[in-house]
C-alpha cells in the first residue's frame, strides 16, 4: 500500500480516557491527566458541530480474481484476514500526539466504539497511560482486557497489546530502531485501519514506500 500523506480524514470514531484535544487546550497549559469517560460524555473545550465531514471512502477496487467464487480462489477464503487500510497523517515529533488525538476525535465523531481503538506512542507516554500505570500494571492491563474503552499504551509494549479494529500510532519520539520495530507490529494489531501520525519521511523510511 502506498503511503498517502494527507489531511486527517479518519472516517471512524472512538473515545475513551484521554486528555482534552489540542483544539481546546492553550499551548502553555500542561496536559491534564484524563479520567475514564464513556462515548456519550461531552468533550470539554471542543467546538460545536461544524460542517459535515466527508463519508468513508469507497471500497478499494478488487482484482478480477476477487469476482470469482471462493471455491475456486483460495486467496478469497474467509479465514484469511485482509491487510488493514493504512493512513499517514504528517506531523512533527512534538505534534504527533496532538495529531493522534485529533484522529481519535474524528473516529469518535464517525461512530467508532471506544473499545475498538488502541493508541500507541513511540516516545513519551500518553498522560492517561502514565496515570493508570501508577496504580499498578495489573489494573492497567485489565482495562485493555475489558475492551470497554480506548486503550493507550507505549509502543514498546505493542506485543502485549490486543488486536483492535483501529490502531493509532503517534510517532512522538523514541529511537528509529524502536520505531522500526513497533510500526510493523502495530500493523499486525490493526484489524481494519492503521493510522500513523508522524514525520512523513521518517515513517516512509521505516515502513517502506510499498506499505
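Residue numbers (this note's numbering): 2 to 212. Beta carbons: idealized from backbone N, C-alpha and C, even for Gly. For clarity, every value in this text was computed on a predicted model and none was experimentally measured.
State buried or exposed for residue i, treating a residue as buried only when at least 16 other CB atoms are found within 10 Å of its CB.
i, result
"residue 93", "exposed"
"residue 183", "buried"
"residue 177", "exposed"
"residue 84", "exposed"
"residue 95", "exposed"
"residue 91", "buried"
Return the chain-ordered list of same chain residues with a C-beta closer than 6 Å to the C-beta of residue i, the five sequence neighbours on each side being excluded.
i, result
"residue 86", "194"
"residue 133", "141"
Taking 7 Å as the limit between beta carbons, can you name the residues of its chain near residue i, skipping five residues before and five after?
i, result
"residue 180", "123, 172 and 207"
"residue 101", "120, 169, 171 and 198"
"residue 126", "155"
Whole angstroms is fine: what's the gap from residue i's alpha carbon to residue j's?
i, j, result
"residue 149", "residue 117", "8 Å"
"residue 145", "residue 197", "21 Å"
"residue 120", "residue 140", "18 Å"
"residue 138", "residue 203", "31 Å"
"residue 192", "residue 131", "26 Å"
"residue 112", "residue 188", "22 Å"
"residue 105", "residue 128", "15 Å"
"residue 38", "residue 115", "Because the pLDDT at residue 38 is just 44, under 50, the model does not fix this residue reliably, and the value given afterwards should be weighed accordingly. Each residue's alpha carbon lies about 10 Å from the other."
Return the first residue and the last residue of the alpha helix (DSSP H) that residue i is part of.
i, result
"residue 144", "138-147"
"residue 200", "Counting along the chain, residue 200 falls outside any alpha helix (DSSP H), and DSSP gives it neither H nor E."
"residue 93", "Unbroken run through residue 93: none, as it is neither H nor E."
State the DSSP-derived secondary structure class of residue i, mapped to helix, strand or coil.
i, result
"residue 192", "strand"
"residue 47", "Confidence at residue 47 is low in this model, with a pLDDT of 41, below 50, so the placement of that residue is unreliable and no value is reported for it."
"residue 165", "strand"
"residue 123", "coil"
Output needed for residue i: all residues of its chain with C-beta closer than 8 Å, excluding positions within five of it in sequence on either side, in chain order.
i, result
"residue 142", "161"
What residue does the beta strand (DSSP E) around residue i start on, and which one ends it?
i, result
"residue 154", "152-155"
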